[in-house]
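Worksheet: one structure, shown below.
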Amino acid sequence: MRTFTLTLITVVSSLHGTVDAAVTVDSFGGGALALTTLSTNGSSFNGSQADGSISGGSREVDLALATGLFGSTVTGEVNTVAGIFNYESGTFANGSAALTYDASGAGLNLDLSSATAVEVEFLATDLNFPVTVTIGDGTNTQSVTLNTTGPGTMVFSLGAFGVPLDLTDIDSLVVSLDPIMAGDFAITEIRISGTTSTSGGSGGGGGGGGAATAGVEPHGIVLWILGLGCSFYVARRNRRGTAMQAA
Numbered sequence: 002m003r004t005f006t007l008t009l010i011t012v013v014s015s016l017h018g019t020v021d022a023a024v025t026v027d028s029f030g031g032g033a034l035a036l037t038t039l040s041t042n043g044s045s046f047n048g049s050q051a052d053g054s055i056s057g058g059s060r061e062v063d064l065a066l067a068t069g070l071f072g073s074t075v076t077g078e079v080n081t082v083a084g085i086f087n088y089e090s091g092t093f094a095n096g097s098a099a100l101t102y103d104a105s106g107a108g109l110n111l112d113l114s115s116a117t118a119v120e121v122e123f124l125a126t127d128l129n130f131p132v133t134v135t136i137g138d139g140t141n142t143q144s145v146t147l148n149t150t151g152p153g154t155m156v157f158s159l160g161a162f163g164v165p166l167d168l169t170d171i172d173s174l175v176v177s178l179d180p181i182m183a184g185d186f187a188i189t190e191i192r193i194s195g196t197t198s199t200s201g202g203s204g205g206g207g208g209g210g211g212a213a214t215a216g217v218e219p220h221g222i223v224l225w226i227l228g229l230g231c232s233f234y235v236a237r238r239n240r241r242g243t244a245m246q247a248a
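The opening residue of the sequence shown carries number 2 in the numbering used here; numbering runs sequentially from there.
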């Protein structure tokens, strides 16, 4: 019985250990915001929120409506209670959103030379659409675009951003999302996997080459449910074992 219990604990721990350690850029726990475009084609709105939980201390949200018929609009909301950035489109609205992190123009000064990827975690996506991550070192910028495949984590390998880019001194990070008409999505976190630190503000240099990869990692709630189920199963077996011994 003891061996069985330890085996279950080991399995659950191993599954949880497959998720790399990460540094949070934004978990949307601070800087509440609600923006809605006009129904006029080409209308756009933006807002900046300051909060200590955000990388660089601030987040800029840009919301744009390319086309909107019959009064349709798009809405972007940072819900700090739920910890999500929620984007909703009207039935005939085709819009986009961008989240910018650059310490309000002062620069993030992040050393990502030992980091592995930028990750965007989706709680939900209504339809598949392109997501572009752009990082800059103050002089150069590089972008990688991937298509969503449903809820889960999109992984943008830092090796795919190429040269010229100085990963030892990254000043800006932008996540741009372009759903199709009537598309909706919700993001729970933007993070950087691997090791990061504050740089000394050096310039120049370059990054590595490679292919972009997109993967869907299991959401934390899935692992939690698995662990809970195992706990109930172990408890039930323990009760049965006790009853048999008493008999």
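For glycine and all other residues, C-beta sits at the position ideal for the given N, C-alpha and C.
Given the structure is predicted, the values throughout are model-derived calculations rather than measurements.
Distance between residue j and residue i (C-alpha atoms, nearest Å)
i, j, result
"Glu190", "Phe123", "8 Å"
"Pro131", "Ala118", "17 Å"
"Pro152", "Asp185", "12 Å"
"Phe93", "Phe162", "35 Å"
"Val82", "Ile55", "15 Å"
"Gly137", "Ser40", "33 Å"
"Val24", "Ala116", "9 Å"
"Val62", "Gly43", "16 Å"
"Gly160", "Val134", "13 Å"
Collapsed DSSP secondary structure at residue i in the structure displayed
i, result
"Ala183", "coil"
"Gly18", "Residue placement at Gly18 is flagged as unreliable, the pLDDT there being 37, under the threshold of 50; the coordinate-derived value follows with that caveat. Reduced to three states, the DSSP call for Gly18 is helix."
"Gly139", "coil"
"Ala161", "helix"
"Ser97", "strand"
"Ala107", "coil"
"Gly195", "strand"
Candidates the options: closest to residue i by CA position
i, options, result
"Asn47", "Asp112, Glu78, Ile136, Gly153", "Glu78"
"Ser144", "Val26, Phe71, Leu174", "Leu174"
"Phe71", "Gly57, Gly84, Ser90", "Ser90"
"Gly108", "Gly43, Val24, Arg60, Ala187", "Arg60"
"Thr142", "Phe157, Gly160, Val156, Val164", "Val164"
"Gly30", "Ile85, Thr41, Leu39, Thr68", "Ile85"
"Thr154", "Ile193, Val62, Ala104, Ile171", "Ile193"
Host beta strand (DSSP E) of residue i (start-end)
i, result
"Gly69", "59-69"
"Ser173", "173-178"
"Thr76", "75-80"
What runs of the beta strand (DSSP E), each 3 residues or longer, lie entirely inside the stretch 17-57? Those beta strand (DSSP E) runs which fall completely within the stretch 17-57 and span 3+ residues are 23-27, 34-37, 45-51.
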